[in-house]
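Residue numbers for the sequence shown follow this note's numbering, so the first one is 754 and each next one is one higher.
For every residue, glycine included, the Cβ atom is placed at its ideal position computed from N, Cα and C.
Note that the structure is a prediction, hence the values are computed from the model and not measured.
Structure record follows, encoded as structure tokens.
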Amino acid sequence: MNDRSNPPVALLEQLRAIVGERGLLTEAEDLAPFTVDWRGQFRGRAALLVKPASTEETAQVVAALATAGVGIVPQAGNTSLCGASVPDASGTQAVVNVSRMNRVRAIDLDNDTITVEAGCILADLQRVAEENDRLFPLSLAAEGSCEVGGNISTNAGGTQVLRYGNMREQVLGLEVVLPDGRVWDGLRGLRKDNTGYDLKHLFIGAEGTLGIVTAAVLKLYPRPRAIATALVAVPDPAAAVALLGRLRAACGERVTGFELVSRACLDLVFRNIPGNRDPLPRPFAWYVLVELFDSMAGPALAEMLEAALGEAAESGLADDAVVASSQAQRLALWALRENISDAQKTEGVSVKHDVSVPVSQVPRLIAESDLALQAAFPGIRTVAFGHVGDGNLHYNAFPPRARRATSSPGRHR
């Protein structure tokens, strides 16, 4: 298709027969929200958008598009920060969006698994797990709008990888529509499956290039009975890494989240997101947001965290700290971390990087990157934050403030 506004009539009729009127969009104004990334920095053009409501419809849609030679862009919640979920500028591609496939198909509490469709919003999955006295541990700032199919296709990590692993570790089985429209049914809930090649891992993290995930069997975990959260000021990233080791030695597997946040990140939040305040009496250059989970209720977990942080302060690894004494205070501390992406978007255009290195190399990555960027682009502003507990850092660059470029606010991440 060379003209986006005139896809073949026969193809449109075929797709409409499969998904119905509400499942096929061709008008520019209807396509617009699906052809731009969350930051508004990557914009494409699509010939059409199809929203199948079932695996069967997805298979038929993919087969029809493949037969017609139309390129397919799989899309779930479209919360990408790097343009990966939008079509190119050719106007010849079809976006296949899975958001209508959002059912929870089954819950097996004896097996601690839940089977969900690809369009299930992550926050809804978390809620259903909690209603069944379980935890689904994947946690992202975009969890109110990102969807399971995208989480799987990007092998999402989030803030609890340190304890539970990334999305790959949560998946027991998959259902996938292959590029020719065939369905690969691997929806097995086996903890031990040594029946041959574990093909599901080919699709996890494949960004939709090998097929469209339509459903998954995911692991559930016991719901934590106690949570302890603290924001800790640290001298530098090296101290943060050392503090992580100290906390794991003192608290063991209870250490669930360990997020490194620079002062530049907090300043962005305070400047651009109303309602946030500094929880410590004075600013520091670096912070870590620490969270512990335990299956035993009571104050012992908070006391354990406070004791470990006291020892860290005595050894110079912590300059100050505040431990949340209520759920409201916990959420306020997490808001500082989770609002960073929104604050960046409001601040203006930035170059984003999602970099993984061994945990021990995080301080070197930050130090050497800062020096190299300042040498190449004097006055550039760098914003570093992320899951230092697993070595994954969001390292972003802004132009100097005098050259600030603005962009309009968008939906919450």
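Quick check on the DSSP output: what are the complete alpha helix (DSSP H) runs of length 4 or more inside the region 983–1007, in order along the chain? Fully enclosed alpha helix (DSSP H) runs of 4 or longer: 990–1004.
Helix, strand or coil: which one does DSSP assign to H954? The three-state reading of DSSP puts H954 in helix, counting H, G and I together.
Can you check DSSP and say which residues form a bridge with T868? In the DSSP output, where bridge partners are listed per residue, T868 has A859, V970.
Got a sec, what are the start and stop residues for the alpha helix (DSSP H) F1023 sits in? It spans 1016–1025 - the alpha helix (DSSP H) in which F1023 sits, taken as one unbroken run.
Give me the Cα-Cα distance between A781 and L802, rounded to the nearest whole angstrom. Going by C-alpha positions, A781 is about 10 Å away from L802.
Hey, which unbroken runs of the beta strand (DSSP E) at 3 residues or more fall wholly within the region 879–955? If we require 3 residues or more, the beta strand (DSSP E) runs fully inside the region 879–955 come out as 924–930, 936–939.
Cβ distance (whole Å) where L973 is taken to contact L888 below 8 Å: With 8 Å as the limit, L973 and L888 qualify as a contact, their Cβ atoms being about 7 Å apart.
Would V970 pass as a contact of L1070 if the rule is Cβ separation under 9 Å? Judged by their CB atoms, V970 and L1070 are not nearer to each other than the 9 Å cut-off.
Coil, strand or helix - R769 by DSSP: Note: R769 maps to helix in three-state DSSP.
Please classify Y917 as buried or exposed, where buried requires at least 16 other C-beta atoms within 10 Å of its C-beta. Y917 should be labelled buried.
Compute the distance between the beta-carbons of V1115 and V994, then report whether it is under 9 Å. The answer is yes: Cβ separation under 9 Å.
The region 896–906 touching the region 871–878, judged by at least three CB pairs closer than 8 Å: Short answer: they touch.
Using C-beta distances below 8 Å, list every residue in its chain close to V1141, excluding the 5 sequence neighbours before and after it, in chain order. So the qualifying residues of the chain are P990, A993, V994, L997, F1011, E1012, L1013, V1041, V1112, V1115.
Would you check if the region 947–960 and the region 1033–1048 touch, i.e. whether three or more CB-CB distances between them fall below 8 Å? Short answer: they don't touch.
Once you ignore the five residues that flank A1003 on each side, which residues in its own chain have a CB closer than 6 Å to its CB? The beta carbon of A1003 sits closer than 6 Å to those of A1061, all from its chain and outside the five residues before and after it, given in chain order.
For D1143, count the other beta carbons within 10 Å of its own beta carbon; 16 or more makes it buried, fewer makes it exposed. Which is it? Classification for D1143: buried.
Please determine if the region 924–943 and the region 834–843 are in contact, where contact requires at least 3 C-beta pairs separated by less than 8 Å. As far as the Cβ criterion goes, the region 924–943 does not touch the region 834–843, which means the pair count is below three.
In angstroms, rounded to a whole number, what distance separates the CA positions of V1102 and P1152? Between V1102 and P1152, the C-alpha separation is close to 8 Å.
Run through DSSP, which three-state label would S1109 get? Looking at S1109 - three-state DSSP - the assignment turns out to be strand.
Do the region 802–813 and the region 1116–1123 touch if we need at least three Cβ pairs shorter than 8 Å? Three or more Cβ pairs closer than 8 Å define a contact, and the region 802–813 falls short of that threshold against the region 1116–1123.
Where do the N-terminal and C-terminal ends of the alpha helix (DSSP H) with I825 fall, by residue? That residue, I825, is in no alpha helix (DSSP H); its beta strand (DSSP E) goes 825–828.
Enumerate in chain order the residues of its own chain whose CB-to-CB distance from A1055 is below 7 Å, with the five nearest sequence positions on each side excluded. Closer than 7 Å at Cβ, skipping near neighbours: A981, V1076.
Going along the chain, which residues of its own chain have a beta-carbon closer than 6 Å to the beta-carbon of R921, five neighbours each way excluded? Only N908, I957 meet the Cβ criterion.
Close-in-space but distant-in-sequence residues of the same chain around L963 (CB under 7 Å, 5 per side omitted): Excluding positions up to five away in sequence, the list reads L955, F956.
I'd like to know whether the C-beta atoms of N850 and Q879 end up nearer to each other than 9 Å. No. Outside cutoff.
Inter-residue spacing [alpha-carbon to alpha-carbon] between E774 and A847: When rounded, the distance between both Cα atoms is 16 Å.
How far does the beta strand (DSSP E) with D1143 in it extend, from its first residue to its last? Run containing D1143: none; DSSP gives neither H nor E here.
Tell me the DSSP bridge mates of E1012? Answer by DSSP bridge pairing, in chain order: L1042.
Around the C-beta of K945, are 16 or more other C-beta atoms found within 10 angstroms, so that it is buried, or is it exposed? Result: exposed.
P975, DSSP secondary structure in three states: If DSSP states are grouped into helix, strand and coil, P975 belongs with the strands.
Within a Cβ cutoff of 8 Å, which residues of the same chain sit near S941, ignoring the five residues on either side of it in sequence? Looking at the sequence shown, residue 941 is not Ser but Arg. In chain order, L925, G926, V970 place their CB closer than 8 Å to the CB of R941, counting only its own chain and leaving out the 5 sequence neighbours on each side.
Could you name each continuous alpha helix (DSSP H) segment of 4 residues or more that falls completely within the region 776–817, going from the start of the chain to the end? Here the runs fully enclosed are 781–784.
Other residues of its chain near L1126: CB distance less than 7 Å, five sequence neighbours each side excluded: Hits under 7 Å: I1133, T1135, A1150.
Using the DSSP secondary-structure output, state which residues sit across from A1137 in a beta bridge. DSSP output for A1137 lists Y1148 as bridge partner(s).
When the distance is taken between beta carbons, is L943 closer than 9 Å to L1019? No, the Cβ-Cβ distance between L1019 and L943 is not below 9 Å.
Taking a contact to mean a Cβ-Cβ separation below 9 Å, would you say E1100 touches L1021 in this structure? Yes; because the gap between Cβ atoms is below 9 Å, this pair is in contact.
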